[in-house]
Structures are given as structure tokens and as C-alpha cells.
């Protein structure tokens, strides 16, 4: 009967440890997911900013082609779109609801290039190096870029990422404390067994092994449960808004899953190691008083 009660108590302790650990890993996984997701979202926005290069009215097709070739060769260029005078006039007429050539007698719209930058180059420091050489070209009459909007986006993303990383750090600390306390209760229930094993000459590593093994098992089970909950939530989020699937990249999934697994295993292992070592170093009187 006592053995049955002891077994039930051990099972209940393990279930409690798995639940508390899973809850903390779910919170941690959500923070990591949204940090990486926000970075992908930021990169997507940056790569949709357009740098417009207005061309000289007298530019020839050959000269325009040379400029296009030069722009495509730049390491910052993600995509390049040529807007002819005729296409620009058509777009302007549709926007204004009238044709400017009807009262001007000529097409006032210049040909242009719309250049989208790679995300890493959509910052002020990079633009300060990219734009001056383009403005110096005599065949390019004007270069416009949403630099203020880029700066505002980069600043806001930095602030959000910093806050979320701080939250992730605090959650990690809280998780470690809670996991340590949970495992310590399990170790406390077997403190006399630990004392007996020490008296018969068992080494520290031999005594720690079953506790650490059980802690790692708790970490694995908790990590699997946490990933099911987090990625289940991601699935329903994408199902509700299918356009978000482009932002849930393999990198985002890998970072989130990796953080959950690594934290689940490392925190439970460290917690078990510290808790068992605490009782291994206790004197007989302290063990019986604790």
C-alpha cells in the first residue's frame, strides 16, 4: 500500500512538473515566435519600400538599358521595374481621371525606374552610400526614397524587439525558478534515499543520474506539449489570415522550436543538477531538519 501511495505521489509530482514546465515553455515559445515573426514582417515591409529614379526626358533606349544593367548589378537591389513614359502617363491619367496631354499637348511624364532594396540595405546608413552616386548621374534627374518612413520603421522594430527580448529573459528566469522549485520538491521527497546512497559509497554522479534522467524526460514531454500548443496557435492564425503564411518561414519555425527544446532540456537539467547537489552536500542533521 505504501509503495502504491509512493508511486502515485511520484507520478503526481511528475505530472505537476510537466504541466508547470509546459506552461512556461509555451509563454517562452510565444515570445520567441513573435520576435522572429516581427523580424520577418519588418524585412517584408523594408523590401517593399520603393526608391524611384526619374530619368532625363531625352534619354535613349540604349542609355536606359545601360542604367538598368548597372542598377541590377548593385548588391542592394532586390528587384527593378522600368516605367516607360507611356505607362507613367496611363497610370497618372487613371489616378487623376483626366489625360494631361489633352491640355498640355505633350506627355509630361518622365520614364523612371522603381527599385526595391534588400532588407539589410533599407536603413539610413546604407541609403547615404547608395543614393549620392545615383543622384550624380546626369541621366537621372531625381531620386526619391521614403527615408523617414524607413527610419521610423527601423526605430519601432528595434524598440519592440528589445522589449520582447527582455520579456523572454524574464520568462526564462521565472521558468528556471519555478522548474527548480518543482523538481526540488521531487528531490526533497527522496532526500533520505539520497542520504542512504551516500552512506553506502555511491558517487555523486551515480546518485544524480536518475534525477537528471527524470528531469530530462520532463523537459522532453513539456517541450513536445509546448510546441503542439504554440504551433497549433500558429496554424489557426494562418488559417484565419492566409497571407501570413509567407511570414511564417522555416527560420521562424526553427528558432521557435529550437528555443522551446533547448530551454526545456537545459532548464530542467540544470534545475535537477542544482537540487540534487544541494542535498548531496547537506549534513545528516540538516537533512533531517529540512
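In our numbering, the protein residues as written are 1165 to 1454.
Backbone N, C-alpha and C define an ideal beta-carbon position, used for all residues, glycine too.
Owing to the predicted nature of the structure, the values given are computational and were not obtained by experimental measurement.
Proximity to residue 1295 across 1235, 1317 and 1272 peaks at 1235, based on C-alpha coordinates. Within the same chain, 1231 come within 8 Å of residue 1301 by CB-CB distance, once the 5 residues on both sides are set aside. Between the alpha carbons of residue 1408 and residue 1401 lies a gap of roughly 8 Å. According to the DSSP assignment, residue 1278 belongs to the beta strand (DSSP E) that extends over 1276–1281. Note that the stretch 1183–1198 touches the stretch 1415–1429; at least 3 beta-carbon pairs, one per stretch, sit closer than 8 Å.
Contact between residue 1385 and residue 1189 does not hold, since the beta-carbon distance rounds to 10 Å and is not under 8 Å. Between residue 1396 and residue 1191, the alpha-carbon positions lie close to 14 Å from each other. Between residue 1291 and residue 1275, the C-beta gap is not smaller than 8 Å, which leaves the two residues out of contact.
Beta-bridge partners assigned by DSSP to residue 1246: 1277.
If you draw a straight line from the Cα of residue 1221 to the Cα of residue 1325, it comes to about 45 Å. Remark: C-beta atoms of residue 1321 and residue 1280 do not approach each other more closely than 8 Å. Apart from sequence neighbours up to five positions away, the residues of its chain that approach residue 1413 with a beta-carbon distance below 7 Å are 1204, ordered along the chain. Excluding five sequence positions before and after residue 1249, the CB atoms of its chain that fall closer than 7 Å to its own CB belong to 1271, 1273, 1274 and 1275, given in chain order. Contact check for residue 1349 against residue 1432 fails: the beta carbons are separated by 8 Å or more. Closest in C-alpha terms to residue 1442, from the list 1392, 1378 and 1347, comes 1347. Rounded to the nearest whole angstrom, the C-alpha separation of residue 1393 and residue 1181 is 17 Å. Here the alpha carbons of residue 1228 and residue 1219 stand approximately 8 Å from one another. For residue 1307, the secondary structure class from DSSP, reduced to helix, strand or coil, is strand. Considering only 1389, 1284 and 1265, the residue with the shortest C-alpha distance to residue 1240 is 1284. Here the alpha carbon of residue 1343 sits roughly 36 Å from the alpha carbon of residue 1410.
DSSP links residue 1214 through a beta bridge to 1280. DSSP places residue 1408 in the helix class (H, G or I) of the three-state scheme.
For the pair residue 1211 and residue 1242, the CB atoms are nearer than the 8 Å cut-off. According to the DSSP assignment, residue 1290 belongs to the alpha helix (DSSP H) that extends over 1288–1299. The continuous alpha helix (DSSP H) containing residue 1444 extends over residues 1414–1444. A distance of 8 Å or more separates the beta carbons of residue 1331 and residue 1217.
Annotated three-state conformation of residue 1317 is helix, per DSSP. Distance check between residue 1253 and each of 1233, 1245, 1405 and 1265 places 1265 closest, using alpha-carbon atoms only.
In the DSSP annotation of this structure, the continuous segment of the alpha helix (DSSP H) that includes residue 1230 starts and ends at 1225–1236. Residue 1352 is positioned such that its CB atom lies no closer than 8 Å to that of residue 1444. Residue ranges of uninterrupted alpha helix (DSSP H) with 4 or more members, entirely inside the stretch 1308–1391 and ordered along the chain, are 1311–1352 and 1355–1363.
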